[in-house]
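A.B. asks:
Protein chains in written order, with full-length UniProt numbering: chain A, 1 to 81; chain B, 1 to 81; chain C, 1 to 81; chain D, 1 to 81.
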């Protein structure tokens with residue numbers, strides 16, 4: 001096997017590994033969409049579900065602080081908190 | 001002027017119009033970043049500013065409804081509202 | 001005017017400047033879409049137009065080098081260059 | 001088990017399924033980054049690798065057609081093809 005053949009094999013192996021991983025990733029993205037669709041079908045609000053998931057990722061203390069600043073700004077602008 | 005020259009002129013004109021608009025767009029994006037940077041320098045929380053701007057775009061009634069659903073979900077999950 | 005009023009004015013001014021800039025940016029994005037739509041109406045391929053604009057941004061020497069590597073990889077994979 | 005308990009369980013199950021899928025997706029994205037990093041370490045040009053993968057997804061006939069139009073436009077603009 002020549003040096004050039006090794007590089008060819010290596011190139012093909014890299015490309016195929018990435019393609020396989022991209023496919024798996026696409027499959028999981030589809031699964032996520034399905035769970036949301038199913039949740040919607042069961043009467044859940046998907047926009048709020050996304051919000052809940054984002055909140056669960058946040059640090060609780062930081063979230064509280066951000067909410068307090070938000071209330072301050074909204075009240076300064078005369079908007080309902 | 002041949003038909004082909006017309007097409008050349010048309011092509012160049014299209015390309016240049018788009019490039020000029022893209023440049024203008026980039027300039028405005030830079031201006032927006034500057035306003036945020038200036039606001040940060042004056043002690044404002046830019047993450048919350050973005051949130052305020054997004055709230056101002058929302059319909060008030062819809063926002064209230066979404067907040068109510070969010071509280072419901074968070075309470076069901078035993079999380080602070 | 002109290003310190004708090006100053007902050008209120010400052011906050012409102014920041015918000016309104018950003019909203020105005022966002023609106024301008026949206027206007028330009030719409031203009032760009034229109035130029036592409038018009039170009040399409042005149043028989044130009046918009047996907048290729050985007051490619052041309054991207055190529056014009058690239059450094060010519062760098063582009064040539066990337067194209068040479070691409071040909072190498074495609075030929076190693078037995079794909080047409 | 002009350003109707004409300006069922007909804008709570010359902011909500012938590014939805015949230016946890018999405019969170020688990022998001023985590024898997026993140027894991028795969030990290031794997032893809034690693035393959036690219038490894039390829040780079042072995043002397044491959046990752047920008048061109050991405051281009052190769054995108055070309056392999058394209059229909060060959062369509063790609064040829066797009067390339068022909070691109071050459072036409074570049075030549076009309078006096079740019080090297």
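Beta carbons: idealized from backbone N, C-alpha and C, even for Gly.
Here the structure is a predicted model, which means the values were calculated and not measured.
In angstroms with no decimal places, state the Cα-to-Cα distance between residue 25 of chain D and residue 29 of chain A.
C.D. replies: Between residue 25 of chain D and residue 29 of chain A, the C-alpha separation is close to 7 Å.
A.B. asks: Whole angstroms are fine: how far does the CA of residue 55 of chain D sit from the CA of residue 10 of chain A?
C.D. replies: Cα-Cα distance, rounded: 18 Å.
A.B. asks: Any idea what DSSP makes of residue 30 of chain C, helix, strand or coil?
C.D. replies: Reduced to three states, the DSSP call for residue 30 of chain C is helix.
A.B. asks: Quick check on the DSSP output: what are the complete alpha helix (DSSP H) runs of length 4 or more inside the UniProt domain "GapR-like DNA-binding" (7-78) of chain A, in order along the chain?
C.D. replies: Correct list: 46-57, 60-76.
A.B. asks: Using a Cβ-Cβ cut-off of 8 Å, state whether residue 73 of chain D counts as contacting chain B.
C.D. replies: Closer than 8 Å to some Cβ of chain B, the Cβ of residue 73 of chain D qualifies, so yes.
A.B. asks: Rounded to whole angstroms, what's the CA-CA distance from residue 67 of chain C to residue 70 of chain D? Just pull it up for me.
C.D. replies: Cα to Cα, residue 67 of chain C sits roughly 14 Å from residue 70 of chain D.
A.B. asks: If contact means a Cβ-Cβ distance below 8 Å, which residues of the UniProt domain "GapR-like DNA-binding" (7-78) of chain D contact chain B?
C.D. replies: Against chain B - using a Cβ distance shorter than 8 Å - the residues of the UniProt domain "GapR-like DNA-binding" (7-78) of chain D are 7, 8, 11, 12, 15, 73, 76, 77.
A.B. asks: CA-CA distance, residue 81 of chain C and residue 57 of chain D?
C.D. replies: Whole-angstrom Cα-Cα distance: 15 Å.
A.B. asks: Tell whether a beta-carbon distance below 8 Å holds between residue 32 of chain D and residue 77 of chain A.
C.D. replies: Contact flag unset, no.
A.B. asks: So, under 8 Å CB-CB, residue 49 of chain C and residue 37 of chain C are touching, yes? Tell me the CB distance rounded to an integer number of Å.
C.D. replies: Wrong, their Cβ atoms sit about 12 Å apart, outside the cutoff.
A.B. asks: Roughly how many whole angstroms lie between the Cα atoms of residue 8 of chain D and residue 44 of chain A?
C.D. replies: In a straight line, the C-alpha of residue 8 of chain D is about 11 Å away from that of residue 44 of chain A.
A.B. asks: How big is the Cα-Cα spacing for residue 23 of chain A and residue 65 of chain C?
C.D. replies: Each residue's alpha carbon lies about 30 Å from the other.
A.B. asks: Quick check: residue 53 of chain C and residue 19 of chain B, are their CB atoms within less than 8 Å of each other?
C.D. replies: Closer than 8 Å, so yes.
A.B. asks: Out of D:42, D:72, D:60, D:73, state which residue places its alpha-carbon closest to the alpha-carbon of residue 14 of chain A.
C.D. replies: It is D:42.
A.B. asks: Please confirm if residue 16 of chain D has its CB atom under 8 Å from at least one CB of chain F.
C.D. replies: Any reference to chain F falls outside this structure, whose protein chains are A, B, C and D.
A.B. asks: Please report the distance separating the alpha-carbon of residue 35 of chain A from that of residue 46 of chain A.
C.D. replies: Between residue 35 of chain A and residue 46 of chain A, the C-alpha separation is close to 10 Å.
A.B. asks: Give the straight-line distance between the Cα atoms of residue 60 of chain D and residue 17 of chain B, rounded to the nearest whole angstrom.
C.D. replies: Between residue 60 of chain D and residue 17 of chain B, the C-alpha separation is close to 32 Å.
A.B. asks: Can you list, in chain order, the residues of its chain whose CB lies under 6 Å from that of residue 74 of chain C, leaving out five sequence neighbours each side?
C.D. replies: Correct list, in chain order: 81.
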